[in-house]
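Counting from 1, position 63 in the sequence shown corresponds to residue 63 in full-length UniProt numbering; the numbering is continuous, with no gaps.
All C-beta atoms, glycine included, are put in the ideal place defined by N, C-alpha and C.
None of the values given here were measured: they were computed from a predicted structure.
Presented below is the structure to which this report refers.
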Amino acid sequence: MTKYELSIIANRRPETLERLLRVVRHRGFEVVTLQTELLEDQIKLQLQVQSTRAIDLLKNQLAKLYDVVTLN
């Protein structure tokens, strides 16, 4: 399995983290590490995932989420 790192800034809402993690799981990726930081009205996530799938599959789906502001 290949490991990938993602940096995400999203709007701070109660359901945001749950939605992000659900997309990760549904796209066949496993969370290795998760670090979060609460900003004033946003949440910053450093996420390490692993999978045999291409990371673009996951990035494209995460970018479609309404609350995602930036994705690197």
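Contacting residues, own chain, Cβ-Cβ under 8 Å from lysine 3 (five flanking each side not counted): Val32, Gln48, Val49 and Gln50
Simplified DSSP state of lysine 64, which is helix, strand or coil: coil
Residue from Ile43, Asp41 and Leu6 with nearest C-alpha to leucine 29: One point to set straight first is that residue 29 is phenylalanine, not leucine, in the sequence displayed. The residue with the shortest Cα to Cα distance from phenylalanine 29 is Leu6.
7 Å Cβ cutoff met for arginine 25 and glutamine 61: no
Spatial distance of residue 125 from arginine 12 (CA atoms): With the chain covering only 1 through 72, there is no way to say anything about residue 125.
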